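Offset between the sequence shown (1-based) and this note's numbering: plus 749.
Glycine included, each C-beta is placed from N, C-alpha and C at the ideal position.
Computed from a prediction, not measured in an experiment: that's the story for all the values here.
Below is one structure, written out as structure tokens; comments come after it.
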Amino acid sequence: MIDLLATYVHDLDPVIFSISEKIKLRWYGLSYVIGFAAAYMILLRLSRKKLWPIEELKVGDAVTYTAIFGVFLGGRIGYVLFYMLPRPGGLDRILEDPITIIAVWEGGMASHGGILGIMFFTLFYAWKHKLSWLAVGDGFAIVAPLGVFFGRMANFINGELYGTITDEKNWWAVKFPKSLYENGYSDNLQKGLQQAAISNDTAGEFLKDRVRLVGDYDGYDLSPQAFEQEFLPIARENPDVMQALADHTPARHPSQLYEGILEGLVIFVMLYLIRVRFTKLWHGVISGGFFILYAIFRIGVENVREPDSEKIIGVTKGQFYSFFMIAIGLAFLAWAWKSKRSLRDDIAPG
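Structure, rendered in structure tokens:
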């Protein structure tokens, strides 16, 4: 009989389908496409209702340029500055291979960087088209949480950026097999591989040529890439192999889902309803609200998220950078109060 209260073991495949060995459609890439499409539809609706200063026919271009120069460029630069450079040997790696800076296909996008990228690009866009920066930014502040939501859902599917260890009895807990390799659980990993090799012929055949001496017993020499790209697909196709890994994998908070719901859906619904309900709201209030709400939720969820890098003065990097976002949000609110300009003052004729 199936135990409906058993801890869910993450067995989702990050690849939707493969065209060739090198060309694959991944959920992570699709999440960006869906996010940008959703942003376009929402902003188009706001433009038609005269709740955003960019003309209807220019919404597509605005979203496209912001996606490229704001989200992608900002997200990658943010990752390099906030996470890659501070690591030991980070600068040396970049100097040896400068292409690393733009190698998004290897992974590495910082949400804080993407948000700041959007902020600075909208400043340029508004200046070029002689629009209110705050009014333009308010629109993107409404849809930015949608990108956060779809991105975090993709993180969950990838089994990455998971939370800290929790009690298996918690119905929401999830076991992420990737955590065996990424968090120093070498003994648990070896036990899981040994159990898998015994319980399943396919796993045993895969592992038999990877035996090595680990301390006083034979273990398996498996690189992170081989474990993720070769062994985990075997586990997904063979429940007994997945169960062998699960038996030695600690249960964790699905922090990606927490972030997707709080930093994504909740903020989007709040800001969208505020926009359509208070049509004469001062420019900058929505942008300020986004920065503050995102930072508060991020700081909270970081308490149950496995740190993906070193801490700064006792807090995670995500929390540390979020404190600055609160300051930016307060600055937007102060600017809004000082200018006291509403959307109706800046709607472009169309």
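Where residue i and residue j are concerned, what is the direct C-alpha to C-alpha distance, given to the nearest angstrom?
| i | j | result |
| --- | --- | --- |
| H878 | F889 | 16 Å |
| H997 | L872 | 50 Å |
| G857 | G809 | 26 Å |
| I906 | K1087 | 44 Å |
| W1031 | S928 | 46 Å |
| T915 | L806 | 50 Å |
| L910 | S1004 | 7 Å |
| T813 | F785 | 8 Å |
| S1091 | K1029 | 5 Å |
| I848 | A755 | 45 Å |
| R985 | A952 | 11 Å |
| A884 | N919 | 44 Å |
| E977 | W801 | 44 Å |
| A1044 | W876 | 27 Å |
| M1074 | F1027 | 24 Å |
| L774 | V1053 | 30 Å |
Check the C-beta distance from residue i over to residue j and give it rounded, since I have them as a contact under 8 Å.
| i | j | result |
| --- | --- | --- |
| I851 | I843 | Contact doesn't hold; Cβ gap of about 11 Å is too wide. |
| I891 | I791 | 7 Å |
| V1034 | L994 | In fact, because the Cβ distance is near 49 Å, the residues do not count as touching under 8 Å. |
| F831 | A859 | 5 Å |
| V820 | G863 | 5 Å |
| V1050 | Y1007 | 5 Å |
Per the DSSP calculation, residue i is bridged to which residue(s)?
| i | result |
| --- | --- |
| K924 | V758, A1000 |
| Y969 | V960 |
| V1064 | I1061 |
| G1009 | DSSP, once it has assigned bridges, lists no residue as partnering G1009. |
| W1031 | S1091 |
| G912 | R1054 |
| K773 | S767 |
What residue does the beta strand (DSSP E) around residue i start on, and which one ends it?
| i | result |
| --- | --- |
| F1027 | F1027 -> no beta strand (DSSP E), and no H or E assigned at all. |
| S767 | 764–767 |
Between which two residues does the alpha helix (DSSP H) carrying residue i extend?
| i | result |
| --- | --- |
| L779 | 776–797 |
| T813 | 808–814 |
| N937 | 935–948 |
| L981 | 981–986 |
Runs of 4 residues minimum, wholly inside the segment 818–900: which ones carry the alpha helix (DSSP H) assignment? 822–828, 839–845, 860–877
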